[in-house]
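Taken in order, the sequence shown gives residues 142 to 721; the numbers are from my numbering.
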Amino acid sequence: MTASLPDAPWWASAVVYQIYPRSFADSDGDGIGDLRGIAGRLDHLELLGVDVIWLSPVYPSPQDDAGYDISDYQGIDPIFGSLADFDALLADVHTRGMKLVMDLVVNHTSDEHPWFIESRSSHDNPKRDWYWWRPPRAHMEPGAPGAEPTNWGSSFSGPAWDLDERTGEYYLHLFSRKQPDLNWENPEVRAAIYSMMRWWLDRGVDGFRMDVINFISKAANADGSLPDGIVRNGALFGNGRPHYVCGPRIHEFLQEMHREVFAERPEMPLTVGEMPGVTVDEAVLFTDPARGEVDMVFQFEHVDLDRGVDWWDVHPLRLTDLKASFGRWQAGLADLGWNSLYWDNHDQPRVVSRFGDDGEFRERSATMLATVLHLHRGTPYVYQGEELAMTNAHFERIDQYRDIESVNHYAEALAHGQADEGSLLEALRAVSRDNARTQVQWDATENAGFTTGEPWIAVNPNYPQINAAEQHDNPSSVFYYYRSLITLRHAEPAVALGDFTMLMPDDEAVYAFLRSHGQTELLVLGNFSPEPHPVLISDAAAWTGAQLVLCNIDGGAVTGASSLPELQPWEARVYRRQVG
Ligand code: TEU
């Protein structure tokens, strides 16, 4: 299915589809999605036309962070199936002409990983140095309030350090206390990880999505201690990020990984680094092919634009901010490096609820958002259910949430009187990761056709209206619109390779840009508002007679446009013309 273009890596014209296994499809009725469930739904992905599947973690795990806490890197958790199920799935994916990329979570392991069990067993265990063990703060007793080695907070509330009573030292965990950070300074750690990665590639997988990979190098002081972070007004902890986001040895580590794992592989496995806090300048370094680090990064700028002081402080998006941000990334990675493009994943609320309208204009705003995203330069990622315009969960009560980040934040903020119950529930409704984690809605039967058992999280009650079966039968569905976008990327080199020019950067309603490649020019237009808006571009007349390639309004004529009409609410249009 992957149609490579000459002079471009295969992934330039590819679209990746993310599967979050526990919510995709359940084959055995235990209420949790599994590998056989995925195998049973590959027709959906083949029809959609995606080239690559990225599988969120399926490794053995205590599931404290839904699989991002791994206790064995070379196995499959029984809740998802077995290695034999995995091999069968991989073979089927390959037979259908698709690739499969694994999630690689190596900033941390589970505290139940044998490496950590050994490491915590004594000061002089050979694996002691595989993790970040540090004594209490000078002149303080282990366990005393504030005795943690630094003042950093964990991403999932509470301090980033936990005391191990047996040895009287603390270990670092940037995420949950069940996710101790690996010490990448230790060459044995790196060698063990590279060997595990080669094992998966030898088994046939086609690459890795690397979880928080820009956190692996920590900026320790000369004596090995880690520095405190600045405490923002009203915050409970210091911000450790400046001391581990893109730390001092990050490029060295990724170059070493590339040499040890990827360099000799002619099939060019895909490598995408998830990098919170990465800047454009850093991303150029990470993705410049000559440097041999990763193919592309997930940056977070555009998904932080509707946030204030922190993740939970939500405000409406200003379209001009979005354009300024994407515009800088497109320009910054135009000559060297490569962008990945995403709205949704398992950590983000659903885009149609977030930047679109999940009521009256759900389908139209979802397809407009898809058009704008997919036609930027870069590799687009579709998160399961996005192709159906699935919406946020709209949960009402805290006991409906399962995500550790959401549940911990709610408890911590309430306990410290930082917010009241009502405003916390409102914030969760807007941003909780569980918004993306409700089950894929396959059909209108009970539990959306996801499971015959008791689902692990409530199915979104809108499944009778929003489901795959209905959309498969409806040529004007969101699903088929995504399919047209993917087909367009495969067929039209200007989508994969064209230069990018932002138009109307100061307009708060219309997102407009140009892609040009050789003699071909594409004009992409999206109305981010519920009102009609004119298209105000300087050479509008030049588009008279251009071909209307795509339009998200049912019945919209797709050829022979005579001018650039006003855009209807949430309308998207794509025109093509030949120049020169
Ligand atoms: O996410 C990294 C990350 O920064 C997230 O913490 C996310 O941005 C956050 O939820 C927003 O507050 C990765 C995984 O994608 C996520 O699912 C894991 O929980 C996390 O790493 C730890 O492995």
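Note that beta-carbon positions come from the ideal geometry of N, C-alpha and C, so glycine has one too.
Strand pairing of residue i, partner residues [DSSP]
i, result
"R717", "L663, Q688"
"I160", "L196"
"D322", "H249"
"D244", "R350"
"I334", "Answer is none; I334 lacks a bridge partner."
"V455", "R448"
"R503", "DSSP lists no partner for R503."
"R275", "Y311"
"T642", "L655"
"L304", "Y311"
"I722", "One cannot answer for residue 722 here, as it falls past the ends of the chain, which runs 142 to 721."
"N668", "V651"
Nearest residue (CA-CA) to residue i, options the options
i, options, result
"D233", "Y385, H264, S564, L176", "L176"
"M416", "P410, A424, M409", "A424"
"E633", "P150, A431, S154", "S154"
"G721", "D561, G667, Q660", "Q660"
"I371", "G365, P321, N380, A363", "N380"
"T236", "A225, E187, W271, P277", "E187"
"D695", "L705, T685, V450, Q709", "Q709"
"A637", "L655, M351, W597", "L655"
"G418", "Y623, A683, W452, D648", "W452"
"Y335", "W152, H557, V246", "V246"
"Q525", "Q159, H658, W152", "Q159"
"D476", "L426, A589, E408", "L426"
"A207", "R339, S251, A225", "S251"
"D648", "G299, G375, A465", "A465"
"R161", "G181, V199, R182, P150", "Per the sequence shown, the amino acid found at residue 161 is Tyr instead of Arg. Measuring from the Cα of Y161, the nearest candidate turns out to be V199."
"V353", "T512, A653, P286, D210", "D210"
"A653", "A149, F316, I627, V715", "V715"
"S295", "E310, R278, F316", "F316"
"S547", "D561, R574, E562, Q559", "R574"
"K268", "G473, H314, L446, W256", "W256"
"A626", "W274, T512, V444", "The question names Ala, but residue 626 is Leu in the sequence shown. Nearest of W274, T512, V444 to L626, Cα basis: T512."
"R339", "M243, W711, T308, D364", "M243"
Secondary structure of residue i, DSSP reduced to three states
i, result
"T359", "Position check: residue 359 holds Lys in this sequence, whereas Thr was assumed. K359 falls in the coil class under three-state DSSP."
"W151", "helix"
"G379", "strand"
"R574", "helix"
"E415", "strand"
"W727", "Residue numbering for the chain in the displayed model covers 142 to 721; residue 727 lies beyond these limits and cannot be assessed."
"N588", "helix"
"Y385", "coil"
"P706", "coil"
"R495", "helix"
"T700", "Low local confidence applies: a pLDDT of 49 at T700 is under 50, so the model's placement there is unreliable, with the coordinate-based value given in what follows. Here T700 sits in coil by DSSP."
"A653", "strand"
"E423", "helix"
"N549", "helix"
"W711", "coil"
"W256", "helix"
"L231", "helix"
"S481", "strand"
"V523", "strand"
"T579", "coil"
"L474", "coil"
"W597", "coil"
"F439", "strand"
"H674", "strand"
Test: residue i CB closer than 8 Å to a CB of chain B
i, result
"M351", "Among the chains of the structure shown, chain B does not appear; only one protein chain is present."
- Can you find at least 3 beta carbon pairs, one from the stretch 482–491 and one from the stretch 675–682, that sit closer than 8 Å? Inter-segment contact for the stretch 482–491 and the stretch 675–682 is absent: fewer than three beta-carbon pairs are separated by less than 8 Å.
- Message: When you compare the stretch 380–397 with the stretch 343–360, are there three or more beta-carbon pairs, one atom per stretch, that lie closer than 8 Å?
- Response: Note that the stretch 380–397 touches the stretch 343–360; at least 3 beta-carbon pairs, one per stretch, sit closer than 8 Å.
- Message: If contact is defined by three or more beta carbon pairs under 8 Å, each pair taking one atom from either stretch, is the stretch 597–608 in contact with the stretch 564–581?
- Response: As far as the Cβ criterion goes, the stretch 564–581 touches the stretch 597–608, which means the pair count is three or higher.
- Answer yes if the stretch 563–577 comes into contact with the stretch 610–624, meaning at least three C-beta pairs across the two stretches below 8 Å, and no otherwise. Taking 8 Å as the limit for Cβ pairs, the verdict is that the stretch 563–577 does not touch the stretch 610–624.
- Three or more C-beta pairs below 8 Å linking the stretch 188–195 and the stretch 319–330: Because the criterion of three Cβ pairs below 8 Å is not met, the stretch 188–195 and the stretch 319–330 do not touch.
- Query: Taking one C-beta from the stretch 209–222 and one from the stretch 260–268 each time, how about it: are there three or more such pairs within less than 8 Å?
  - Reply: Segments in contact, no.
- Task: Determine contact between the stretch 623–632 and the stretch 535–547, defined as no fewer than three beta-carbon pairs at a distance below 8 Å.
- Result: Counting Cβ pairs under 8 Å, fewer than three are found: no touch.
- Task: Inspect the CB distances between the stretch 501–509 and the stretch 528–536 and report whether three or more fall short of 8 Å.
- Result: Result yes; three or more Cβ-Cβ pairs closer than 8 Å.
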